[in-house]
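For reference, the structure discussed in these notes is given below.
Numbering (our numbering), first residue to last: 1 to 96.
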């Protein structure tokens with residue numbers, strides 16, 4: 001890990017390293033080489049807990065807050081050609 005050919009300073013937390021220069025699109029070449037919970041016999045025992053916590057956090061947010069378009073903004077429901085990979089940016093307001 002200390003001599004990682006894919007990442008400069010691999011011990012440093014820099015999530016932006018996964019983005020292209022435009023800051024919006026993912027660098028697929030790096031994402032494909034990342035396995036956050038490992039695989040095989042030494043798989044992370046906390047993976048299931050982490051996924052459940054993410055699910056619970058998202059569902060709690062959806063239950064407790066009202067997510068609506070911001071004033072004067074409309075939701076564009078026409079999907080772009082690559083909608084499966086990258087949805088359109090939308091202006092949303094989150095209210096309690």
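Even glycine gets a Cβ: it sits at the ideal position worked out from N, Cα and C. The structure presented is a predicted model; accordingly, all values stated were derived computationally and were not measured.
From residue i to residue j, what does the alpha carbon distance come to, in whole angstroms?
| i | j | result |
| --- | --- | --- |
| residue 57 | residue 76 | 26 Å |
| residue 37 | residue 24 | 25 Å |
| residue 42 | residue 7 | 22 Å |
| residue 95 | residue 40 | 43 Å |
| residue 26 | residue 87 | 13 Å |
Spell out the partners DSSP gives residue i in its beta bridges.
| i | result |
| --- | --- |
| residue 67 | 94 |
Check each candidate in the options and name the one with the smallest Cα separation from residue i.
| i | options | result |
| --- | --- | --- |
| residue 80 | 72, 33, 89, 34 | 89 |
| residue 69 | 91, 54, 14 | 91 |
| residue 34 | 20, 64, 10 | 10 |
| residue 93 | 54, 17, 61 | 61 |
Alpha helix (DSSP H) runs contained entirely in the segment 7-45, provided each spans 4 or more residues: 28-31
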